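*Asks:* Residue numbers (my numbering): 11 to 395.
Here a beta-carbon is modelled for each residue, glycine too, at the ideal position from N, C-alpha and C.
Since this is a predicted model, take the numbers as computed values, not measurements.
Sharing a structure here in structure tokens format.
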């Protein structure tokens with residue numbers, strides 16, 4: 011795992027920036043008197059950028075390689091974030107967040123394709139376990155900065171600085187990367203044929219993340235819990251998800267990703283049922299932590315499962331395709347959860363999560379184990395940064 015440390019550090023700093031800027035954006039918009047509806051549109055702009063980026067990033071990667079692509083995405087994201095200073099109208103904010111969304115998905119596509127191309131199937135679970143641990147750690151650290159600093163302009167500069175710092179591990183610590191990939195285009199239909207269980211898992215991970223973290227705080231407040239209690243429960247969910255990444259990755263390499271995915275989905279369904287019946291902070295926190303520990307590991311498992319089925323030339327297409335599936339779910343999740351809560355009350359979000367995980371579990375139970383038994387790893391070659 012040491013040889014991937016620069017990549018993990020890049021993901022860590024990228025997620026610190028995103029973990030800070032995601033909650034900071036609505037705060038800045040509210041300070042300019044922008045309506046909540048318009049704030050929702052700005053948030054949609056970010057996810058729209060992730061969707062478009064997942065389609066365009068592979069072409070950038072094919073032309074200039076992994077290291078140069080990372081430099082471009084981090085620098086453009088930092089510049090776009092810097093432009094938000096003093097912006098008080100909606101349209102520029104939508105455009106800026108769209109660009110940041112494209113660049114963030116670009117960073118993750120490059121890193122994931124690099125990890126897939128440079129790791130064998132027998133260790134892919136732990137490779138992505140450390141990757142997801144770095145991602146979750148950065149997200150938690152970024153969100154915690156919001157309470158550590160009171161000045162919005164200072165927080166904005168920290169977000170910009172984190173994007174630029176994400177470049178240092180790659181440009182200073184290593185000059186080794188996979189050979190310039192050859193584009194093997196994968197449509198969503200081909201990706202589903204390659205690994206329906208893997209794609210379904212990534213989609214469920216994105217949709218559940220969009221549903222849960224957007225509406226879980228709302229559900230607890232409507233259940234009568236104080237804001238401090240809500241913060242504690244959400245923090246427990248995040249920490250549980252963060253702590254489970256590496257152990258689950260190691261376990262998946264030993265007993266198989268399909269088995270762990272099935273177990274995770276089954277336990278997540280039970281956790282959602284517990285949340286549906288919860289009325290006190292204690293039970294919201296307990297079942298929320300179980301939820302975070304199981305639903306939080308799904309994306310890394312889904313990526314590994316899909317990559318296990320792919321040929322070497324398809325790995326970039328796999329990385330962008332599963333990120334597209336994740337982003338599609340994340341975009342639609344909050345809207346579906348909001349509709350369910352309007353129809354069924356605050357527990358509606360947990361009912362929808364149970365239905366989502368049950369559908370994903372059905373696909374996984376019908377899926378086959380990956381057929382490729384070779385690691386498919388390629389030799390790393392020197393490339394100029």
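#1: Given 8 Å as the limit, is there contact between the segment 77 to 88 and the segment 134 to 142, that is, 3 or more CB pairs closer than that?
#2: Please classify residue 13: does DSSP put it in a helix, a strand, or coil?
#3: Nearest CA to the CA of residue 216: which residue from 339, 102, 286?
#4: Quick check: what's the CA-CA separation for residue 23 versus residue 365?
#5: Considering only the alpha carbon of each residue, which of 110, 14, 162, 142 lies closest to residue 253?
#6: What ranges does the alpha helix (DSSP H) occupy inside the segment 249 to 298, keeping only unbroken runs of at least 4 residues that lie completely in it?
#7: Taking 9 Å as the threshold (C-beta atoms), are residue 314 and residue 262 in contact?
#8: Suppose the cutoff is 7 Å on Cβ atoms and the five residues either side in sequence are ignored; what does the same chain contact list for residue 212 look like?
#9: Any idea if residue 225 is buried or exposed, counting beta-carbon neighbours within 10 angstroms, 16 or more meaning buried?
#10: Would DSSP call residue 202 helix, strand or coil?
#11: Taking the alpha carbon of residue 360 as the point to measure from, which residue in 282, 318, 346, 301 has its own alpha carbon closest?
#12: Out of 152, 67, 49, 60, which has the shortest C-alpha to C-alpha gap to residue 101?
#13: Would residue 294 and residue 207 be called neighbours here (beta carbons separated by less than 9 Å)?
#14: For residue 65 and residue 209, what's the separation of their Cα atoms in angstroms?
#15: Where do the ends of the alpha helix (DSSP H) carrying residue 163 lie?
#16: If you reduce the DSSP assignment to three classes, tell me which class residue 310 lands in.
#17: Please classify residue 115: is it buried, with 16 or more other beta-carbons within 10 angstroms of its beta-carbon, or exposed?
#18: Below 8 Å, can you find three or more Cβ-Cβ pairs linking the segment 66 to 76 to the segment 88 to 105?
#19: Mapping the DSSP letters down to three states, classify residue 130 as helix, strand or coil.
#20: Along the alpha helix (DSSP H) that carries residue 346, what are the first and last residues, could you check?
#21: Can you name, in chain order, every residue of its own chain whose Cβ lies under 6 Å from the Cβ of residue 235, other than the five neighbours on each side?
#22: From 289, 371, 108, 80, pick the residue whose C-alpha is nearest to that of residue 356; which is it?
#23: What does the Cβ neighbour count give for residue 182, buried or exposed, with the cut at 16 atoms within 10 Å?
#24: Quick check on DSSP: helix, strand or coil for residue 81?
#25: What three-state label does DSSP hand residue 235 in the structure shown?
#26: Can you list, in chain order, the residues of its chain whose CB lies under 7 Å from that of residue 300, leaving out five sequence neighbours each side?
#27: For residue 143, is the beta carbon positioned less than 8 Å from some heavy atom of the ligand ZN?
*Replies:* Answer, in terms of the structure:
#1: Counting Cβ pairs under 8 Å, fewer than three are found: no touch.
#2: Note: residue 13 maps to helix in three-state DSSP.
#3: The shortest C-alpha separation from residue 216 is found at 339.
#4: For the pair residue 23 and residue 365, the Cα-to-Cα distance works out to about 34 Å.
#5: 142
#6: 267 to 287
#7: yes
#8: 309, 312, 313, 332, 335, 336
#9: buried
#10: helix
#11: 282
#12: 49
#13: no
#14: Taken atom to atom, the span from the alpha-carbon of residue 65 to that of residue 209 is near 16 Å.
#15: In the DSSP assignment, residue 163 falls within the unbroken alpha helix (DSSP H) covering 162 to 175.
#16: helix
#17: buried
#18: no
#19: coil
#20: 325 to 354
#21: Answer for residue 235: 291, listed in chain order.
#22: 289
#23: Residue 182 comes out exposed.
#24: helix
#25: coil
#26: 277, 281
#27: Although the ligand ZN was asked about, the structure shown includes no ligands whatsoever.
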